[in-house]
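Colleague:
There are 2 protein chains.
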Amino acid sequence: MTALTEPTPEHLAELAGCLDAGGVLDAAADAAQPYLVEPRGLIRGRAAVILKPASTAQVAAILRLCHGHRIGVVPYGGGTGLVGGQVSPEGSGAGPRPVVLSLERMNRIRAVLPSDGAIIAEAGVVLADLQAAASGAGRLFPLSLAAEGSCRIGGNLATNAGGVQVLRYGTARDLCLGLEAVLADGSVLAGLKPLRKDNTGYDLRHLLIGSEGTLGVITAASLKLFPRPGEVVTAMLAVPSPDSAVTLLQTLREGLGDGVSAFELIAGQGIAFLAEFHPSRPDPLGGRPDWRVLVEITGPSGAGLTGRAETMLAELFEAGLASDGVLAANEAQRAHMWWMRETLPECNRRVGPVASHDISLPLSRIGRFIAEARDVVDGFGPSLRVNCFGHLGDGNLHYNVFPPEGGRVAGCRALAGPVRTAIHDLVHAHGGSFSAEHGIGRMKTGDLETYGDPAKLAAMRAIKAALDPRGILNPGAVLAG
Amino acid sequence: MTALTEPTPEHLAELAGCLDAGGVLDAAADAAQPYLVEPRGLIRGRAAVILKPASTAQVAAILRLCHGHRIGVVPYGGGTGLVGGQVSPEGSGAGPRPVVLSLERMNRIRAVLPSDGAIIAEAGVVLADLQAAASGAGRLFPLSLAAEGSCRIGGNLATNAGGVQVLRYGTARDLCLGLEAVLADGSVLAGLKPLRKDNTGYDLRHLLIGSEGTLGVITAASLKLFPRPGEVVTAMLAVPSPDSAVTLLQTLREGLGDGVSAFELIAGQGIAFLAEFHPSRPDPLGGRPDWRVLVEITGPSGAGLTGRAETMLAELFEAGLASDGVLAANEAQRAHMWWMRETLPECNRRVGPVASHDISLPLSRIGRFIAEARDVVDGFGPSLRVNCFGHLGDGNLHYNVFPPEGGRVAGCRALAGPVRTAIHDLVHAHGGSFSAEHGIGRMKTGDLETYGDPAKLAAMRAIKAALDPRGILNPGAVLAG
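Protein chains in written order, with the working numbering: chain S, 267 to 747; chain L, 267 to 747.
#1: Among S/VAL378, S/ALA399 and S/ARG418, which residue has its Cα nearest to the Cα of S/ALA389?
#2: Using DSSP's beta-bridge definition, name the partner residues of S/MET502.
#3: Which residues of chain L have a Cβ atom closer than 7 Å to the Cβ of S/ALA595, listed in chain order?
#4: Please check the pair L/LEU491 and L/ALA412, which I expect to be a contact at CB under 8 Å, by giving their CB distance rounded to whole angstroms.
#5: Given S/PRO380, which residues of its chain have a CB within under 7 Å of its CB, disregarding the five upstream and five downstream residues?
#6: Taking Cβ to Cβ, would you say S/VAL353 is nearer than 9 Å to S/ILE309?
#7: Does the distance between the C-beta of S/SER649 and the nearest non-hydrogen atom of the ligand ATP fall short of 8 Å?
#8: Using alpha carbons as the reference points, say which of L/MET726, L/ALA721, L/LEU714 and L/HIS704 lies closest to L/ALA424.
#9: For L/ALA384 and L/GLU520, I'd like the C-alpha separation in whole angstroms.
#10: Name the residue from S/ALA732, S/VAL620 and S/GLY697 whose alpha carbon lies nearest to the alpha carbon of S/GLY677.
#11: Which residues, in order along the segment 650-662 of chain L, keep a beta-carbon less than 9 Å from a beta-carbon of chain S?
#12: Which bits of chain L does S/GLU703 rub up against, with CB to CB less than 8 Å?
#13: For L/VAL290, which residues from the same chain have a beta carbon less than 8 Å from its beta carbon, with the 5 sequence-adjacent residues on both sides left out?
#14: Quick check: the Cα distance between S/VAL652 and S/LEU663, rounded to an integer number of angstroms?
#15: With a cut-off of 9 Å, does the C-beta of L/PHE635 fall near any C-beta of chain S?
#16: Leaving aside the five residues before and after L/CYS442 along the sequence, list all residues of the same chain whose C-beta is less than 8 Å from its C-beta, in chain order.
#17: At a Cβ threshold of 9 Å, is L/ILE475 touching chain C?
#18: Start and end of the beta strand (DSSP E) containing S/THR485?
#19: With 8 Å as the C-beta to C-beta threshold (strictly closer), list the residues of the segment 485-516 of chain L near chain S in chain order.
#20: Is there a Cβ from chain S that is less than 9 Å from the Cβ of L/ALA389?
#21: Apart from the five residues on each side of it in sequence, which residues of its chain come closer than 6 Å, Cβ to Cβ, to S/ALA504?
#22: Mind listing the chain S neighbours of L/LEU748? Cutoff is C-beta to C-beta under 9 Å, in chain order.
#23: Is the distance from the Cβ of L/ILE625 to the Cβ of L/ALA702 below 9 Å?
#24: Since S/LEU692 and S/PHE635 should fall inside the 8 Å C-beta cutoff, what is the C-beta to C-beta distance between them, to a whole number of angstroms?
#25: Is DSSP giving S/ALA427 helix, strand or coil here?
#26: So S/VAL340 and S/LEU329 are in contact, right, with Cβ under 8 Å, and what is the actual spacing, rounded?
#27: Considering only C-alpha positions, which residue in the set L/HIS602, L/LEU449, L/ALA279 and L/PHE407 is nearest to L/ALA323?
#28: Any Cβ of chain S within less than 9 Å of the Cβ of L/ALA721?
#29: Which parts of the segment 637-701 of chain L are runs of the alpha helix (DSSP H), unbroken and 4 residues or longer, counting only runs that do not cross its ends?
#30: Does the beta carbon of S/VAL353 come closer than 9 Å to any beta carbon on chain L?
#31: Given a threshold of 16 other Cβ atoms within 10 Å of its Cβ, counted over all protein chains shown, does L/ASN614 qualify as buried or as exposed?
#32: Please compile the residues from chain L whose C-beta is within a distance smaller than 9 Å of the C-beta of S/GLY343.
#33: Please compile the residues from chain S whose C-beta is within a distance smaller than 8 Å of the C-beta of L/PHE700.
#34: Within its chain, find whatever has a CB closer than 6 Å to the CB of L/VAL392; leave out the 5 residues flanking it on each side and keep chain order.
#35: In chain S, which residues lie with their C-beta within 8 Å of the C-beta of L/PRO628?
#36: Taking only the alpha-carbon atoms, compute the straight-line gap between S/GLU562 and L/ALA298 and give it to the nearest angstrom.
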């Protein structure tokens, strides 16, 4: 790959010529600053200009120019990514400033096709708006995550977002029937057919999904819709251990089939954080158990789901798989249980983690991993606190390490790297992944080099060079160089 | 890409040196002939030698040599593919003879991991054996198709096979957690982790799945297991039209959720073929309706599924969505209904089609397409017979055109090409696919050129050149040249 260049004033004028007046934002303007920060303030970004195309044709024109002039392009969705994929950092050796390409103005729902079980949305549609459009047509679009009020579907697809309903409905990848995308040279992949089966050549859809804007810019997607569940059972259950939570999940799935749509593990430490920052909100469970799960079971109405779920839960208590539990009796109680789960990341940010890990493990290794990881953390300091929570049904844990009670993260800064390495080493030893759902971005390129399969990395580099020979797309993301 | 060469005697000796004695089969031997025919006799193949590696290391050694000497390699699974992907044809302009690489000796189940919901199988495991291994562990591996007694999982993945349970469980692609594969240069991708979520770089798994052996040779896979359904309801229902069948499906899915696991459309013509070749086997429905569906609904035991399904079916009759119907009262009746569905391809072969089409359409277009396609066929001859059947729930039809009653296919041979083009044109006009589940192979490379998205084709060529720069893998398949 040849070196990139910084756009000259002439290039910037050419780029502005691709767009209408509302499409160009000076990178020095106040309004541009939100595009240039990582959401937790971990990276300060930079750009030559922020471009906001309003159509696929405008995206194509921009990429054609950037390809011609060898200008880097950082695609930008809702800006909520947690691995720096959307921010090109300042600093020495950062190279020429790129263009930030925000898809926010491409926010139309192009078609709602309930009888095809599909919806066609542009990349800039906010996830919550997409959910609402599906709901308005009497259907469910199941992708659901804490950032849904601001993340955009193009970014969700580019990063293969996960969230709380993966257990039943899969990740963003599994919800996508087809893509429209602009490749590095400005050519447009037109793949929006709402077909369930189409074996006509290589699956570029799946190659682009999860490639974090390094192989193409997703401009629109054809997505799956599902029947809306008529009945929802939500429960919070205290469990003796993470392993018993895994057994509990398997028992529920055997008894209720695909109906188990969410299964979230929550550690007592997370509840302690909630109590610290939101003392007026009650805990439905008494005695602050070390481990609990938030379970949601959904199904069509008239299927007697609530009764069956209640019977099963009673059996779980008898079998010792749960020691306490509360069923949400109404929507307010259900919303409160989910509020608890969804507020954990905010609490984590307020405490300030020494190190955070978005990991996945084979389900059979979860219990052993959690025990061994605690030993690893103890080796750095037995009073370090751990908030381990996440999408247990997918084997996906958010394993976050915090300073001791009353301590501040500043005092532990030197531990960040070593803790992170030790935890990732342990994950690797258990056959797990150091990035379950957040991706690689710019923060985990080193982990990919360390833990990635060398043959896979070589193939990834070959594909990157084939589809983006000048390396303009999201330079520095996923593949470090 | 540079030209391939035919293996010299020295090359063949080198290749044989990679294998044990049982691994080399002379291409002229009788035992080699089954590897050199298309299952319906449509293509006569050729090879310099048949190689049967027993390990991933042997596959890697073979590919390293073939890459070095520029020898073509045709990967071979169960040989049941229907688009010629597994057979390099004889004839003028065929180029140098390739090596046929059969994975049949790599037929070990490497691990059954019920608590991880996964099974790890080598590419040569016969699909039915894989289903049995899952069943032996109290789990379900849901991929199911007519060829399951002889097709092999490596071929199923290489072609992204579909079958009768896609509606609920997805295609082969959706059932795969990870792959081990050998790339053109002999490097080995080691991706067998049984993880549900792993966002660490480009998804090479999905790129290899459906690439029909042109980007790499799949040697093993980590596959999803599901709880075995405790209750199964199977019904055959006469429907007034294909459109009412689609409405019926949507109504069932709204009422029963994900429980609808199969939904097959069968035309009266197919039943007429069955009666001709299997006159002693009864039709559960009287009056030979023009259209019927075979529906299967599954769920956990104790969920009262049978009762709910019976109630729903009664409502469907009242709503006029079904005019007649039979519920399988026991396993023998269920097996008979499925035998009817699974025997249709055999009947089609015995009649001898003028043209066959494996197509998919948006569900909302099914009814219109079927009506318009009959008009198209009538334009070639109103007495031509049509057997239209398939996986309606996925929008996937097998649309087969036959000579008039008493006529022979020989008399209609000149119609084959024009009928095929006219049907594929109509599919394209309705936003459908000319290959829903069979793939491209060597028989549909022209269709891919005609109907494929030019930007997609260019990207496919770039990826092929990047991963197989010498073009040794399955030359002539998918991309014609």
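From the three backbone atoms N, C-alpha and C, an ideal C-beta is built for every residue, glycine too. These numbers come from a predicted model, not from an experiment.
Modeller: Result, derived from the coordinates:
#1: The option with the nearest alpha carbon to S/ALA389 is S/ARG418.
#2: The partner list for S/MET502 (beta bridge, DSSP) reads S/LEU560 and S/VAL592.
#3: Think of a sphere of 7 Å around the beta carbon of S/ALA595: no beta carbon from chain L falls inside it, the nearest being about 23 Å out.
#4: Their Cβ separation, rounded to whole angstroms, is 22 Å, which puts L/LEU491 and L/ALA412 out of contact at 8 Å.
#5: Hits under 7 Å: ALA403, GLY404, ARG405 and LEU491.
#6: Their beta carbons are under 9 Å apart, which means S/VAL353 touches S/ILE309 by this criterion.
#7: This structure does not include the ligand ATP; it has no bound ligands of any sort.
#8: Nearest option by C-alpha distance: L/HIS704.
#9: CA-to-CA, the gap between L/ALA384 and L/GLU520 works out to about 29 Å.
#10: Answer by Cα proximity: S/VAL620.
#11: Residues HIS657, GLY659, ASP660, GLY661 and ASN662.
#12: Residues of chain L whose Cβ lies closer than 8 Å to the Cβ of S/GLU703 are, in chain order, LYS463 and ASN465.
#13: Residues of the same chain with a CB within less than 8 Å of the CB of L/VAL290, apart from the 5 flanking positions on each side, are LEU281, ALA282, VAL315, ILE316, LEU317 and LYS318 in chain order.
#14: Going by the C-alpha atoms only, they are around 12 Å apart.
#15: Taking Cβ atoms only, chain S never reaches closer than 9 Å to L/PHE635, which makes this a no.
#16: Around L/CYS442: LEU423, ARG471, ILE475, ALA487, SER488, LEU489 and LYS490.
#17: Of the chains in the structure shown, none is chain C; the protein chains are S and L.
#18: Here the beta strand (DSSP E) through S/THR485 covers 483-490.
#19: Of all residues in the segment 485-516 of chain L, only PRO493, PRO495, VAL512 and GLN516 place a beta-carbon less than 8 Å from a beta-carbon of chain S.
#20: Closer than 9 Å: no.
#21: Taken in chain order, the residues that qualify are LEU551, PRO555, ARG558, SER589 and ASP590.
#22: Here chain L covers residues 267 to 747 and nothing more, so residue 748 of chain L does not appear.
#23: Yes, Cβ-Cβ distance for L/ILE625 and L/ALA702 is below 9 Å.
#24: S/PHE635 and S/LEU692 do touch by the CB rule: their CB atoms are close to 7 Å apart, below 8 Å.
#25: In the three-state reduction of the DSSP assignment, S/ALA427 falls in the coil class, being assigned neither a helical nor a strand state.
#26: Contact doesn't hold; Cβ gap of about 12 Å is too wide.
#27: Here the closest residue by C-alpha is L/LEU449.
#28: At a cut-off of 9 Å between C-beta atoms, L/ALA721 counts as an interface residue with respect to chain S.
#29: Those alpha helix (DSSP H) runs which fall completely within the segment 637-701 of chain L and span 4+ residues are 682-695.
#30: Chain L contact via Cβ: absent.
#31: Around the beta-carbon of L/ASN614, 16 or more other beta-carbon atoms lie within 10 Å, marking it buried.
#32: In chain order: nothing, as chain L lies at least about 15 Å away.
#33: Contacts between L/PHE700 and chain S, judged by CB atoms closer than 8 Å, involve THR466 in chain order.
#34: Excluding its 5 nearest sequence neighbours in each direction, L/VAL392 has C-beta neighbours in its own chain below 6 Å: ARG418, listed in chain order.
#35: Here the neighbours are LEU379, ASP382, ALA384, LYS459, PRO460 and LEU461.
#36: Cα to Cα, the separation comes out at about 55 Å.
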